[in-house]
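First the structure, in the form of structure tokens, and then the observations on it.
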Ligand code: ZN
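In the working numbering, the protein residues as written are 53 to 237.
Spelled out as structure tokens, the structure:
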């Protein structure tokens with residue numbers, strides 16, 4: 053397995069739609085393994101393919117020690133609304149309150165290409181919606197009101213200087229330290 057570089061805000065791949073996967077190959081399973089390794093190193097709970105520069109419709113998730121992969125995920129039912137703070141591995145140190153559906157039913161393929169459904173509430177529901185957004189070029193910043201969005205972007209203007217090539221390469225030091233108590237997706 054190997055650590056992948058994480059693309060940060062400003063990289064156009066984060067704004068592109070992804071391509072549905074037609075066959076889950078060994079190569080894609082290796083990508084999933086690398087995505088898990090990268091997500092754990094970055095202390096995240098979810099990571100979508102565009103965040104590591106890939107265009108396949110794949111995300112990895114691990115909320116409460118339950119790791120799983122979603123391939124071609126779709127929200128087939130959603131109900132209720134709930135507001136909560138979100139961060140993103142592609143927008144380090146920037147956070148904002150986002151209103152999401154409280155409960156979702158998601159249909160996807162697993163790492164073997166087998167269809168499954170998952171019903172989620174609370175953090176898992178939020179994480180699934182955040183990752184599915186990534187697979188369609190959408191970021192949590194898009195949900196913020198004009199004022200909060202502007203202040204998030206001005207924070208990012210300073211933060212992004214740490215990533216001169218638009219790439220977040222995890223260092224041993226970054227892996228060792230947990231810099232924020234909130235979950236990042
Ligand atoms: Zn994210």
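Heads up, the beta-carbon is just placed ideally off N, CA and C, and yes, glycines get one too.
Query raised in the report: Taking just the CA atoms, how far does residue 63 sit from residue 183?
Result: Within the chain shown, the letter at position 131 stands for residue 183. Within the chain shown, the letter at position 11 stands for residue 63. Taking C-alpha positions only, residue 183 is separated from residue 63 by approximately 17 Å.
Query raised in the report: What did DSSP end up calling residue 233 once you bin it into helix, strand or coil?
Result: Taking the chain shown and counting its residues from 1, one reaches residue 233 at position 181. At residue 233, the pLDDT of 47 sits below 50, so the modelled position is not reliable; the number obtained from the coordinates is stated separately. In the structure shown, residue 233 sits in coil (DSSP, three-state: anything other than H, G, I, E or B).
Requested in this report: Look at residue 211 and residue 145 and say whether their C-beta atoms are less than 8 Å apart.
Outcome: Along the chain shown, read from residue 1 onward, the residue named residue 211 stands at position 159. Along the chain shown, read from residue 1 onward, the residue named residue 145 stands at position 93. A contact, by the Cβ cut-off of 8 Å.
Query - Short Cβ contact (8 Å threshold) for residue 177 with residue 156 - result: The residue labelled residue 177 in the question sits at position 125 within the chain shown. The residue labelled residue 156 in the question sits at position 104 within the chain shown. Remark: C-beta atoms of residue 177 and residue 156 approach each other more closely than 8 Å.
Report task. Answer yes or no: the CB of residue 177 versus the heavy atoms of the ligand ZN, is any distance below 7 Å? Result -> The residue labelled residue 177 in the question sits at position 125 within the chain shown. Residue 177: no, Cβ never under 7 Å from the ligand ZN.
Query raised in the report: Near the ligand ZN, which residues have their beta-carbon less than 6 Å from any of its heavy atoms, given in chain order?
Result: In chain order, the residues positioned with their C-beta nearer than 6 Å to some heavy atom of the ligand ZN are 140, 141, 142, 182, 186 and 237.
Query raised in the report: Would you call the region 74-83 and the region 188-204 in contact, with 3 or more CB pairs under 8 Å?
Result: No: the two stretches stay apart, fewer than three of their Cβ pairs being nearer than 8 Å.
Query raised in the report: By DSSP, does residue 68 sit in helix, in strand, or in coil?
Result: The count along the chain shown starts at 1 and reaches residue 68 at position 16. Note: residue 68 maps to coil in three-state DSSP.
Query - 8 Å contact criterion, which residue 221 and residue 57 should meet: CB distance rounded - result: Taking the chain shown and counting its residues from 1, one reaches residue 221 at position 169. Taking the chain shown and counting its residues from 1, one reaches residue 57 at position 5. Contact between residue 221 and residue 57 holds: their C-beta atoms lie close to 5 Å from each other, under 8 Å.
Query - Rounded separation between residue 163 and residue 208 - CA only - result: Sequence index remark: in the chain shown, residue 163 carries index 111 (1-based). Sequence index remark: in the chain shown, residue 208 carries index 156 (1-based). Roughly 34 Å separates the two Cα atoms.
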